[in-house]
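A.B. asks: Pasting a structure here, questions to come.
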Amino acid sequence: MAGGRNTASSAAGRGPVTISFAGYNRAWAAWIASRLERHGLQVSMQRWDVIPGASIEQGLRDLLLSEGRVLVVLSEWYFRLGPRDPDEWNSALREVVPENSDRFAAVCVTAAALPSAAAALSAADLWGLGAVEAERRVLTRLGITPPRTSPSDTLIGLGGPRFPLEQPAVWGGVPRRNTRFTGREALLFGLHQELTSAEPGAGVATLHGLSGVGKTHIATEYVYRFGSEYDVVWWVRASERGTLREKLAGLAPALGLVTGREYGERLRAVRDALRRGDPYFRWLVVLDGADQPEEIHDLVPTGPGHVLITSQNREWGEHNSALIEVPVYDRDESVAFVRRRAPRLDLADADKLADALGDLALALDQNAGALNDSNMPVDEYIGMLRHGADVESGLKVAADFQMTYFTAFSILLNRLREDKPEAVDFLRLCVFFAPGPIPIRLLRDLPIRDVPEQLAGLMDDPLLWNSAVSKLAQWSVIQSDPPETDNEESVGTNEVIQMHRLVYQAVRADMPQEEQSLYSRVVRKLLAAADPGRPNDTRLWPRYAEIVPHLEASHALESTNPDIQLTVLNCLRYLYLSGEYRTAQRIAATAAETWPRLLEPSHPRLWDLAHHQANAIRATGDYETTEAIDRRAYEQLSRDRGDGDLLALRAGGGLAADLRALGRYDEALALSVRVRDGYQELVGGQDSRTLVAQNNIGLTLRLLGRYSDAFRLDQVTMEALRELLRDRHNWTLSSENSYAHDLRLLGRYEQATSVQERNAEIHRTVLGADNPQTLRAEHNLALCYQRGGDRPRAANLLARLLERCDRVLGDTDPLTVRVAATLSTFEREHGDLDRAREQGELVLARYRQQFGEGHPYSAGVLANHGLLLRAAGERQQSQIEVEDALVAMTRVVGENHPWSLGCALNVAAARNFSGDPESAVELSRITADKAAAGLGKEHPLTLSCRIALATDLRNLRKRQEADKVEEEALEALSRTLGPQHPHTISARSRSRPYWDFEPFSS
340 MAGGRNTASS AAGRGPVTIS FAGYNRAWAA WIASRLERHG LQVSMQRWDV
390 IPGASIEQGL RDLLLSEGRV LVVLSEWYFR LGPRDPDEWN SALREVVPEN
440 SDRFAAVCVT AAALPSAAAA LSAADLWGLG AVEAERRVLT RLGITPPRTS
490 PSDTLIGLGG PRFPLEQPAV WGGVPRRNTR FTGREALLFG LHQELTSAEP
540 GAGVATLHGL SGVGKTHIAT EYVYRFGSEY DVVWWVRASE RGTLREKLAG
590 LAPALGLVTG REYGERLRAV RDALRRGDPY FRWLVVLDGA DQPEEIHDLV
640 PTGPGHVLIT SQNREWGEHN SALIEVPVYD RDESVAFVRR RAPRLDLADA
690 DKLADALGDL ALALDQNAGA LNDSNMPVDE YIGMLRHGAD VESGLKVAAD
740 FQMTYFTAFS ILLNRLREDK PEAVDFLRLC VFFAPGPIPI RLLRDLPIRD
790 VPEQLAGLMD DPLLWNSAVS KLAQWSVIQS DPPETDNEES VGTNEVIQMH
840 RLVYQAVRAD MPQEEQSLYS RVVRKLLAAA DPGRPNDTRL WPRYAEIVPH
890 LEASHALEST NPDIQLTVLN CLRYLYLSGE YRTAQRIAAT AAETWPRLLE
940 PSHPRLWDLA HHQANAIRAT GDYETTEAID RRAYEQLSRD RGDGDLLALR
990 AGGGLAADLR ALGRYDEALA LSVRVRDGYQ ELVGGQDSRT LVAQNNIGLT
1040 LRLLGRYSDA FRLDQVTMEA LRELLRDRHN WTLSSENSYA HDLRLLGRYE
1090 QATSVQERNA EIHRTVLGAD NPQTLRAEHN LALCYQRGGD RPRAANLLAR
1140 LLERCDRVLG DTDPLTVRVA ATLSTFEREH GDLDRAREQG ELVLARYRQQ
1190 FGEGHPYSAG VLANHGLLLR AAGERQQSQI EVEDALVAMT RVVGENHPWS
1240 LGCALNVAAA RNFSGDPESA VELSRITADK AAAGLGKEHP LTLSCRIALA
1290 TDLRNLRKRQ EADKVEEEAL EALSRTLGPQ HPHTISARSR SRPYWDFEPF
1340 SS
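Below, the structure is given as structure tokens:
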């Protein structure tokens, strides 16, 4: 004993030890920790869990953040997590371990091959050893002299964990360990905490969830991970009361109990022994498949040990059991499991399969097994799954669960049909909604007169309805969750339900075709009844968000019912306004294939569909496609109905938007004026359609460089919309954004910022922070800050805005590209030149690909790129680009457009820098005169041209004229922008002015 104390004292001086282990090897880690603590070391256990995408090398370095040494428990499971390529492991181990060899130690608990670089850990091999020798090797690897101990101390110690290779004294019925078990780490930890923290007699926990979700495998893994903490582990199939009684009674001989022959007597003796904890205090009884708690709850053992139940039935919560819900796999877990089950699948294919099967463990196991045994391409197999093909015969069925998941669901449905037929009726209704949340409100809105006979009783009787829902929730067939929003007025319910996608398939497969038609028709009527009919009202958007996911699943896009078709159109309008452009395009494309077969060629709803489809496509920048759609609609409607018809006017407005986007501004203006005048004649000047058309005229005037005209018209439009629709309507907010844009373009930066700050705030409140209209408003605000000289706020807003646009809309969306163009010019002048160039070149490439080189935006961003090159010192190429930009811009918008004048300002600077001051003076003088005539003598662009002219005159030694021009321009800048504005300060310091192109929203 003295040797043991000396060793403990010596070990304590060596500092703490952190044991790093894979969850699969927890029993080894716990045993090693108990041995080290017995010898006086301070030990902490840390489960190795590098999240997908994280660096293994960084994970290893993170282990070194703990104090003292790190003892790694090596097995193939330590290296499987991820799963990761062996080369990545070898690289990380070679990078981290050798330079920290004094900190790392390892033991090996497997006979399997490990990555070659693991040899650097110099692991002590524990596999196949007895407890005494294993303990000696652990201590020796850590530099501790092993004491003399008795075998019994090492095996059991003082109630600590058992040596992992030693089974508990009593072990019965436990399934073999699943060597492909994946994930569930947090759930296993929570289960262990639940049981070990329970009071004596209350250690009962139920794993409940849908059939096939993996409850039994989790219970099995729990037994193997934590079995060393128990003296008795007894596994019982508990689907029938008689079987449970017999199997529990079978524990009597294993416990050494002397009883009579009758198993009833043995059962009483077992329950009494477990209750007293005699002869074993630490026991675990697993009741697997206990789906009928009302029949067997009285047989659940009590006492100091633990009971683990697996069940589809959450009613165990009514019988003093803690409920632990088992969800489907996380996607990362699904992918890792599929790749272990089917090694021929790569990450992308595994992800596709997991998505198709809804991450359900049993379905993943059986389908991945089938795929691994075949050469069928994964996409082809998934296509078969999605189209309901019969794949059951090819599924790989495990020896311990010899039925397919199709059969498991059929058994469940038969049980429900016998117990609560109304619950099956409810399920049949639900499967014609889409997988995902289904608001209860949608299911209850249909007037009873429109409900078929077999559903009338269910939907008209709240008690029967609630009973059916409760029964499905009890059996984990559905989940009932609170809503995601707190806006009760918008949502109108406090509950949503969800079902797994494979339950959908099973229920549909169980329905005759005539019943499928009947139930899907009811769901379509429910969706139409839920349509509030006002998609422009942002307060009702949560209602439409509930309806949209179910349009395709219910076959609403194939319906001939006018009410349902109107609901589809309203949903398309909502999707466009809320920024869900891709979803709108998909739904519109599907309807565009179907509706022409259902409606007459000239039916107004076909034109409505074309209008919404074009809006969604235009929003993502495919302007040539939308021009073709809108031109066909406008020309045919004008020919058939006259160009003063409301449908023709709407099509004309869409075509004008296409022309604006394509840079054909004069055509767009003429058509926009015709549309506005037509609306004015038909519905009056104060109708919202007339005012929106008038807003579009202002937008076109702005693109034409007629900023004052745009300002006057936009002000009138904004005031009229405020009067008609009030301040917080999205059309009013859009008009106010245009008005602030006009103020900024006129150089009235302070006023523009004041208006736009309020506008952006209301946008965020009414539409939400990520709505595209809100993002446009914030882009305008960032430009107001930039032009007004508030560079820190501009920088902060622009950086965040680009990230949000990229995340919400994608990197090729027109708004994202515009924000990137703005950020590039800002970074060039005030930030990171390399980042500015990267963004600028992406924008230039995008516009050239989208529009070609003859579009104003292509010319404008080419001018910006020329300035980037000048800042980078590439002056010769810079001059070539700004000269080309001036030629292109003048050709497409004319020489007097502000954009052309801005390009000329940059060209004059390039000519000056290249040693051609005469040409620079001539161009600067002409440009300044044109700017004064078109924009006014005190417009910022005019004054920049005057400052540039003074610089050029000074280079020609015309100092007197240069000083006079400069003095007048500086006085005007101080008067209009203020003496401390960055533009004024820059001009006063005689820094050469430049012009940045800003792509407008069209």
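All you need for the numbering used here is the position in the sequence shown, starting with 1, plus 339. The beta carbon of each residue, even a glycine, is placed where N, CA and C say it ideally should be.
(1) Hey, which unbroken runs of the alpha helix (DSSP H) at 4 residues or more fall wholly within the stretch 688–741?
(2) Measure the alpha-carbon distance for V382 versus A558 and round it to whole angstroms.
(3) Does the distance from the C-beta atom of L699 to that of H839 stay below 9 Å?
(4) Can you tell me which of the three DSSP states S1341 falls into?
(5) Which runs of the alpha helix (DSSP H) at least 4 residues long sit entirely within the stretch 491–575? Give them in chain order.
(6) With DSSP as the reference, please indicate the residues paired to A444 in a beta bridge.
(7) May I have the straight-line CA-CA distance separating L1008 from E1058, to the nearest angstrom?
(8) Based on Cα-Cα distance, which residue from T545, S1325, R519, D637 lies nearest to H531?
(9) For Y1088, which residues from the same chain have a beta carbon less than 6 Å from its beta carbon, with the 5 sequence-adjacent residues on both sides left out?
(10) Indicate whether E472 and R374 have their beta-carbon atoms separated by less than 9 Å.
(11) Contact between the stretch 1227–1235 and the stretch 1192–1203: three or more CB pairs below 8 Å?
(12) Taking 8 Å as the cut-off, does the stretch 535–542 touch the stretch 569–589 (at least 3 CB pairs, one atom from each stretch)?
(13) Going by alpha carbons, who is nearest to R1065 out of Y1018, D876, V624, R476?
(14) Is the stretch 657–668 in contact with the stretch 600–617, if contact means three or more CB pairs nearer than 8 Å?
(15) DSSP has R386 in a bridge; who is on the other side?
(16) Which same chain residues, not among the five before or five after N1294, have their C-beta less than 7 Å away from its C-beta?
(17) At 4 residues or longer, and completely inside the stretch 970–1044: list those alpha helix (DSSP H) runs for me, N to C.
(18) Ends of the beta strand (DSSP E) at M838?
(19) Please report how far the alpha carbon of T493 lies from the alpha carbon of K735, in whole angstroms.
(20) Quick check on the burial criterion: 16 or more other C-beta atoms within 10 angstroms. Buried or exposed for L1183?
(21) Could you give the DSSP three-state label for A1121: helix, strand or coil?
(22) Pull the bridge partners of V625 from the DSSP assignment, please.
(23) Quick one: what's got a C-beta closer than 6 Å to P355's C-beta in the same chain, skipping five residues either side?
(24) Looking only at C-alpha atoms, which of L866, A1210, H1236, G553 sits nearest to R1331?
(25) Looking at A452 and P437, is the spacing between their C-beta atoms short of 9 Å?
(26) Let me know if G352 comes out buried or exposed under the rule of 16 or more other beta-carbons within 10 Å of its beta-carbon.
(27) What residue range does the beta strand (DSSP E) around E664 cover?
(28) How many Å lie between A1301 and T1290 at the Cα?
(29) Helix, strand or coil for S815? Go by DSSP, reduced to three states.
(30) Going by other Cβ atoms of all chains shown within 10 Å of its Cβ, with 16 needed for buried, is K1303 buried or exposed?
(31) Confirm, please, whether the CB-CB distance from A1116 to Q1090 is below 9 Å.
(32) What separation, rounded to the nearest whole angstrom, lies between the Cα atoms of V1031 and T1164?
(33) Tell me whether M798 is buried or exposed, calling it buried when 16 or more other Cβ atoms sit within 10 Å of its Cβ.
(34) Per DSSP, I777 is paired with what?
(35) Helix, strand or coil: how does DSSP classify T346 here?
(36) Output needed for L1136: all residues of its chain with C-beta closer than 8 Å, excluding positions within five of it in sequence on either side, in chain order.
C.D. replies: Inspection of the coordinates gives the following:
(1) Counting only runs of 4 or more, we get 700–711, 717–725.
(2) So the two alpha carbons sit approximately 28 Å from each other.
(3) In contact: L699 and H839 (Cβ atoms closer than 9 Å).
(4) In this structure, DSSP gives S1341 a state outside helix and strand, which the three-state scheme calls coil.
(5) List check, alpha helix (DSSP H) in window: 524–535, 554–565.
(6) In the DSSP assignment, A444 is bridged to L410.
(7) The C-alpha of E1058 is placed about 22 Å away from the C-alpha of L1008.
(8) Ranked by Cα distance from H531, the options T545, S1325, R519, D637 are led by T545.
(9) So the list reads R1126, G1127, once near-sequence residues are dropped.
(10) Cβ atoms of E472 and R374: not closer than 9 Å.
(11) As far as the Cβ criterion goes, the stretch 1227–1235 touches the stretch 1192–1203, which means the pair count is three or higher.
(12) The stretch 569–589, when compared against the stretch 535–542, does not touch it at the 8 Å Cβ threshold.
(13) Its Cα nearest to that of R1065, the residue D876 stands out among Y1018, D876, V624, R476.
(14) No contact exists between the stretch 657–668 and the stretch 600–617.
(15) According to the DSSP secondary-structure assignment, R386 is paired through a beta bridge with F360.
(16) Contacts found: N1251, P1256.
(17) Qualifying alpha helix (DSSP H) stretches, in chain order: 985–1000, 1004–1022, 1027–1042.
(18) Run containing M838: 835–838, per the beta strand (DSSP E) assignment.
(19) Its pLDDT being 49, under 50, T493 is placed unreliably in this model, and the value from its coordinates should be taken loosely. Spanning the alpha carbons of T493 and K735 requires a straight line of approximately 43 Å.
(20) L1183 comes out buried.
(21) The DSSP-derived three-state label of A1121 is helix.
(22) Note: V625 sits in a beta bridge opposite W574, L647.
(23) Q381, E406, G407.
(24) Sorting L866, A1210, H1236, G553 by C-alpha distance to the C-alpha of R1331 places A1210 at the top.
(25) No, Cβ-Cβ distance for P437 and A452 is not below 9 Å.
(26) Residue placement at G352 is flagged as unreliable, the pLDDT there being 42, under the threshold of 50; a coordinate-derived value is accordingly withheld.
(27) For E664, the uninterrupted beta strand (DSSP E) segment begins and ends at 661–664.
(28) Straight-line Cα distance between these residues: approximately 7 Å.
(29) Three-state result, S815: coil.
(30) With fewer than 16 Cβ atoms within 10 Å of its Cβ, K1303 is classed as exposed.
(31) No.
(32) The alpha-carbon separation between V1031 and T1164 amounts to approximately 32 Å.
(33) So M798 ends up on the buried side.
(34) Beta-bridge pairing links I777 to I836.
(35) For T346, the pLDDT reaches just 40, beneath the cut-off of 50, and the residue's location in the model is therefore unreliable, although a value from the coordinates is still provided. Helix at T346.
(36) Answer for L1136: E1117, L1120, A1121, Y1124, listed in chain order.
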